[in-house]
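> Read top to bottom, the protein sequences are chains L and B.
First residue of the first sequence: 1, per the working numbering; consecutive thereafter.
First residue of the second sequence: 1001, per the working numbering; consecutive thereafter.
Number of protein chains: 2
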Amino acid sequence: MKRLYLSDTVAGEIGSYIAERKLSAGDRLPSVSTWMARLQVGRSTLREGLKRLEAEGVIEVINGKGIFVSDQQTFRLFSRLHVTDARRHLLEMLDVRLVLEEKAVVLATQHASEAQFADMAQHLEDYRAAREADDFLRVHEADSAFHLAIYQASHNEVLVALIRSIHSELYVSWQTPQDRNEVFDASFPHHVTLLEAMRRRDIEAASSAFHALMAATRHTVEMM
Amino acid sequence: MKRLYLSDTVAGEIGSYIAERKLSAGDRLPSVSTWMARLQVGRSTLREGLKRLEAEGVIEVINGKGIFVSDQQTFRLFSRLHVTDARRHLLEMLDVRLVLEEKAVVLATQHASEAQFADMAQHLEDYRAAREADDFLRVHEADSAFHLAIYQASHNEVLVALIRSIHSELYVSWQTPQDRNEVFDASFPHHVTLLEAMRRRDIEAASSAFHALMAATRHTVEMM
DNA sequence: CATCTCCGACCTGTCTGATAGCTACATTTA
DNA sequence: TAAATGTAGCTATCAGACAGGTCGGAGATG
Chain L
1 MKRLYLSDTV
11 AGEIGSYIAE
21 RKLSAGDRLP
31 SVSTWMARLQ
41 VGRSTLREGL
51 KRLEAEGVIE
61 VINGKGIFVS
71 DQQTFRLFSR
81 LHVTDARRHL
91 LEMLDVRLVL
101 EEKAVVLATQ
111 HASEAQFADM
121 AQHLEDYRAA
131 READDFLRVH
141 EADSAFHLAI
151 YQASHNEVLV
161 ALIRSIHSEL
171 YVSWQTPQDR
181 NEVFDASFPH
191 HVTLLEAMRR
201 RDIEAASSAF
211 HALMAATRHT
221 VEMM
Chain B
1001 MKRLYLSDTV
1011 AGEIGSYIAE
1021 RKLSAGDRLP
1031 SVSTWMARLQ
1041 VGRSTLREGL
1051 KRLEAEGVIE
1061 VINGKGIFVS
1071 DQQTFRLFSR
1081 LHVTDARRHL
1091 LEMLDVRLVL
1101 EEKAVVLATQ
1111 HASEAQFADM
1121 AQHLEDYRAA
1131 READDFLRVH
1141 EADSAFHLAI
1151 YQASHNEVLV
1161 ALIRSIHSEL
1171 YVSWQTPQDR
1181 NEVFDASFPH
1191 HVTLLEAMRR
1201 RDIEAASSAF
1211 HALMAATRHT
1221 VEMM
C-alpha cells in the first residue's frame, strides 16, 4: 500500500549514511551536488529528501555552508491538539509525566552510577543557589537538568528518547510567572529526599518521595 | 538567529490555511499550481514546503490525486536512536509501554463509556475471528485497535496524542513473522479478562489482568 | 610584519520549462 | 453491458540557470 517516492528513498539513504558512519551533531555531510551524483537523482528530488530529514530534525541545511547533522530532533506533539481547557491539560500532562518519571525513578534507583548521583546532586545545588539569588531562569534550568538526569540514569534509551522529545512540551507549560517561589520552595525538600532515597537504593522511599513531589506540584496546579 | 527560508514560510502559510479553515483528515487542499500562483513562489520552493509538512505528518501528497490533510502526525522517535541490541530495545519499549498503558487502563476503567467498552469488545471479536481465519494482518490490526481504544477511553488527551504519535514505533517492532500464533494465543485470554474487569469498574482486577497480559508478551520477547 | 580588502571557489536557495506517470472520469467500442 | 480507450488534471522528477551566502587566500595597504 505504501507508495515509494524517490525523495523518500533519498531521505532514507542519507539517514543510513549518518547512522552507518555514526556521525554526530555538527558533522558535515557531502554537498548537494555530490549526493546528486552519488544517488543519481535530480536536484529537486534530492532537496525534497533533505527537507524531510530537516523537518524530522535529523539534519540542518545552511545556506552557503553545507549540510550538517543536527544536535537533536524536536517534535511538535501537541501542535494539532486543540487545547480548550488549559488547567485540565496541565493535569493530564502531570498524569503522563507521573507514570513516566516514576518508572525512571525506580530504574535510576536500581541502575544509576555514583557519578550520575553526583551529577544530580550538583543540579540540586545549582537549584538551591539560583533560588537564593532569585534567578528563576536558572532555577528552572537546574530543576529540568535534575529531572533529565534521572531519566538518563534509568539506562532505558527509549524512555530517554521519549522524554527528550516531549520535554519542552510536557514541562514548560506550568511556568506561570506568578507564585514561582511557592512552587519551587514547596518542591525543593522533596527533591533532596528523593535523591537521598535513590542513593540508598531504596526503591520504596524513592517512589514515595517522588509521589510527594508530584503531589505538591499537582496541588499548585489545582490551585490555579 | 533563525534564518528564514521561503520554503519554510510556505509550510507555515499552508499550515495556517488548514488551521484557519479547521480542515480535518482527508480534506483536499488546492493543487500545487494553485498554491504557486497564490503564494507567488516557484514549484520547487512550494514542494519543499509541502515535503516539510508531509514529514511533520500534517498533510499527505498523493501522486495523481492531490494534497490531502493527514489524519495524524507521526514523528520518528527512534530514527536517530542507534539500536545495537534489538532484544534489549524491545524490552525497554515494553517497560515504557507498560507504564503508559497501565495508566490508560486505570483511567479507562474509571471513565470509559458503555459505548467505548462495546467498541473494545468488537475489536476483540475481530481479533478472535481473524485469528481463526489465520489472517495475521487483521489479527494485528484488531489488537492495535483494541489497545488504542483503551487509550482513547482514558479521556486523557495528552496520553492519546502521545501514544498515537509513537504507536507505530512502539508496537510494530515485535511483529516477527515467526511464532505469531504463540504470541497471540498466549495473550488473547488476558485481553478478555482485562475487558471484563474494566467493564466491572474493577481497577484492581483490570490492573492485574493487564500485568498478566504484559508478562505474557514480555515472556515471548525474552524467549526470542 | 600585521592587517585589511577584495575576489573567487564552493555552497545552498529559488525559479522555470519540460517530460513522465498516476488517477479519475467520460467516451468509445466489442 | 462491460471492457477498452481517450483525456484532463494532477503530482514526480529532471536539467539548467541564476542569485545570494560563506569562507579562505592573494594581494594591497599601513
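Just so you know, even glycine gets a beta-carbon here, dropped at the ideal spot from N, CA and C.
Distance check for Leu1162 (chain B) and Phe1188 (chain B), CA to CA, integer angstroms please.
Here residue 1188 (chain B) refers to the residue found at position 188 when the second sequence is read from its first residue. Here residue 1162 (chain B) refers to the residue found at position 162 when the second sequence is read from its first residue. Distance between the alpha carbons of Phe1188 (chain B) and Leu1162 (chain B) is about 25 Å.
> With Gly49 (chain L) as the anchor, note down where its beta strand (DSSP E) starts and where it stops.
Locating residue 49 (chain L) in the first sequence gives position 49, counting from the first residue. Run containing Gly49 (chain L): none in the beta strand (DSSP E); it sits in the alpha helix (DSSP H), 43-55.
> Give the secondary structure of Gly1015 (chain B) by DSSP, where H, G and I count as helix, E and B as strand, and everything else as coil.
Counting from one through the second sequence, the residue named residue 1015 (chain B) turns up at place 15. Three-state result, Gly1015 (chain B): helix.
> Does any residue of chain L have a CB that is nearer than 8 Å to the CB of Glu1141 (chain B)?
By 1-based counting over the second sequence, the position of residue 1141 (chain B) is 141. Closer than 8 Å: no.
> Give a yes or no on whether 8 Å exceeds the smallest Cβ distance from Arg1200 (chain B) to chain L.
Along the second sequence, read from residue 1 onward, the residue named residue 1200 (chain B) stands at position 200. Not one chain L Cβ lies under 8 Å of Arg1200 (chain B).
> Tell me which residues of the stretch 1041-1056 of chain B have at least one Cβ-Cβ distance to chain L shorter than 9 Å, keeping chain order.
Hits within the stretch, in order: Arg1043, Ser1044, Arg1047, Glu1048, Gly1049, Leu1050, Lys1051, Arg1052, Leu1053, Glu1054, Ala1055, Glu1056.
> For Ser1024 (chain B), which residues of its own chain have a beta-carbon under 6 Å away from its beta-carbon, when the five flanking residues on both sides are left out?
Locating residue 1024 (chain B) in the second sequence gives position 24, where the first residue counts as 1. Counting only Cβ-Cβ distances below 6 Å, and skipping sequence neighbours, we find nothing.
> Candidates B:Ile1014, B:His1190, B:Thr1217: which alpha carbon is nearest Ala1209 (chain B)'s?
For the purposes of this step, residue 1209 (chain B) is identified with residue 209 of the second sequence, where counting begins at 1. If we check each option's Cα against that of Ala1209 (chain B), B:His1190 comes out closest.
> Under 9 Å, CB to CB, which of the residues in the stretch 1119-1134 of chain B have a partner in chain L?
From the stretch 1119-1134 of chain B, no residue has a Cβ closer than 9 Å to chain L.
> Using beta carbons (cut-off 8 Å, strictly below), is Arg76 (chain L) in contact with chain B?
For the purposes of this step, residue 76 (chain L) is identified with residue 76 of the first sequence, where counting begins at 1. At Arg76 (chain L) the pLDDT is 46, less than 50, meaning the model places this residue with poor confidence and gives no usable figure here.
> So, under 8 Å CB-CB, Val61 (chain L) and Leu46 (chain L) are touching, yes? Tell me the CB distance rounded to an integer number of Å.
In the first sequence, counting from the first residue as 1, residue 61 (chain L) sits at position 61. In the first sequence, counting from the first residue as 1, residue 46 (chain L) sits at position 46. Not confirmed; about 11 Å, so no contact.
> Would you mind reading off the limits of the alpha helix (DSSP H) that contains Val1032 (chain B)?
Position 32 of the second sequence, counted from the start, is the residue given in the question as residue 1032 (chain B). From DSSP, the alpha helix (DSSP H) with Val1032 (chain B) extends over 1032-1039.
> List, in chain order, every chain L residue whose beta-carbon is nearer than 8 Å to that of Ser1007 (chain B).
Locating residue 1007 (chain B) in the second sequence gives position 7, where the first residue counts as 1. What Ser1007 (chain B) touches in chain L: Lys51.
> Looking at the structure shown, is Phe1068 (chain B) part of a helix, part of a strand, or coil, going by DSSP?
Along the second sequence, read from residue 1 onward, the residue named residue 1068 (chain B) stands at position 68. Note: Phe1068 (chain B) maps to strand in three-state DSSP.
> Which stretch, first to last residue, makes up the beta strand (DSSP E) that contains Val1061 (chain B)?
What you label residue 1061 (chain B) is simply residue 61 of the second sequence in a count that begins at 1. Here the beta strand (DSSP E) through Val1061 (chain B) covers 1059-1062.
> Decide yes or no for the touch test of the stretch 117-129 of chain L against the stretch 137-152 of chain L: beta carbon pairs closer than 8 Å, at least 3 of them.
Enough Cβ pairs lie closer than 8 Å, so yes.
> With 8 Å set as the bound, which would you pick, yes or no: does the beta-carbon of Lys1065 (chain B) sit closer than that to a beta-carbon of chain L?
As a position in the second sequence, residue 1065 (chain B) is number 65, starting the count at 1. No, because no Cβ of chain L sits closer than 8 Å to the Cβ of Lys1065 (chain B).
> Please tell me whether Leu1213 (chain B) has its Cβ less than 8 Å away from any Cβ of chain L.
Reading the second sequence from its first residue, position 213 is the one you call residue 1213 (chain B). No, because no Cβ of chain L sits closer than 8 Å to the Cβ of Leu1213 (chain B).
> Hey, how far is the Cα of His211 (chain L) from the Cα of Gly42 (chain L)?
Numbered from its first residue, the first sequence carries residue 211 (chain L) at position 211. Numbered from its first residue, the first sequence carries residue 42 (chain L) at position 42. The alpha-carbon atoms of His211 (chain L) and Gly42 (chain L) are separated by roughly 56 Å.
> Could you give the uninterrupted runs of the alpha helix (DSSP H) lying entirely in the stretch 1113-1164 of chain B, keeping only those of 4 residues or more?
Here the runs fully enclosed are 1114-1132, 1136-1153.
> Please report whether the beta-carbon of Val998 (chain B) lies at a distance below 8 Å from any beta-carbon of chain L.
Given a span of 1001 to 1224 for chain B in the structure shown, any question on residue 998 (chain B) remains unanswerable.
> From Leu94 (chain L) to Leu1004 (chain B), what does the alpha carbon distance come to, in whole angstroms?
Taking the first sequence and counting its residues from 1, one reaches residue 94 (chain L) at position 94. Taking the second sequence and counting its residues from 1, one reaches residue 1004 (chain B) at position 4. Answer to the nearest angstrom: the Cα atoms are 35 Å apart.
> Taking 8 Å as the CB-CB cut-off, is Asp1027 (chain B) touching chain L?
For the purposes of this step, residue 1027 (chain B) is identified with residue 27 of the second sequence, where counting begins at 1. No, its Cβ sits nowhere closer than 8 Å to a Cβ of chain L.
> Val1100 (chain B) touches chain L at which residues, Cβ-Cβ below 7 Å?
Along the second sequence, one-based indexing puts residue 1100 (chain B) at 100. The residue asked about is misnamed: residue 1100 (chain B) is Leu in this sequence, not Val. Residues of chain L passing the Cβ test: Val99.
> Which whole-angstrom value is the C-beta distance of Gln1116 (chain B) and Ala1142 (chain B), which I expect to be below 8 Å?
Reading the second sequence from its first residue, position 116 is the one you call residue 1116 (chain B). Reading the second sequence from its first residue, position 142 is the one you call residue 1142 (chain B). Contact doesn't hold; Cβ gap of about 16 Å is too wide.
> Give a yes or no on whether the minimum CB-CB distance between Val1105 (chain B) and chain L is below 8 Å.
Start at 1 with the first residue of the second sequence, and residue 1105 (chain B) comes out as number 105. So, not an interface residue.
> Would you please verify whether the beta carbon of Asp1095 (chain B) is less than 8 Å from any beta carbon of chain L?
For the purposes of this step, residue 1095 (chain B) is taken as the residue at position 95 of the second sequence. With 8 Å as the cut-off, Asp1095 (chain B) counts as an interface residue toward chain L.
> Skipping 5 residues on each side, what residues in its chain have a beta carbon closer than 8 Å to that of Leu1159 (chain B)?
The residue given as residue 1159 (chain B) occupies position 159 in the second sequence. So the list reads Leu1100, Lys1103, Ala1104, Leu1107, Tyr1151, once near-sequence residues are dropped.
> Give a yes or no on whether 8 Å exceeds the smallest Cβ distance from Leu1004 (chain B) to chain L.
As a working note, residue 1004 (chain B) is residue 4 in the second sequence. Not one chain L Cβ lies under 8 Å of Leu1004 (chain B).
> Give me the DSSP bridge partner(s) of Leu1029 (chain B).
In the second sequence, counting from the first residue as 1, residue 1029 (chain B) sits at position 29. BP columns for Leu1029 (chain B) point to B:Ile1067.
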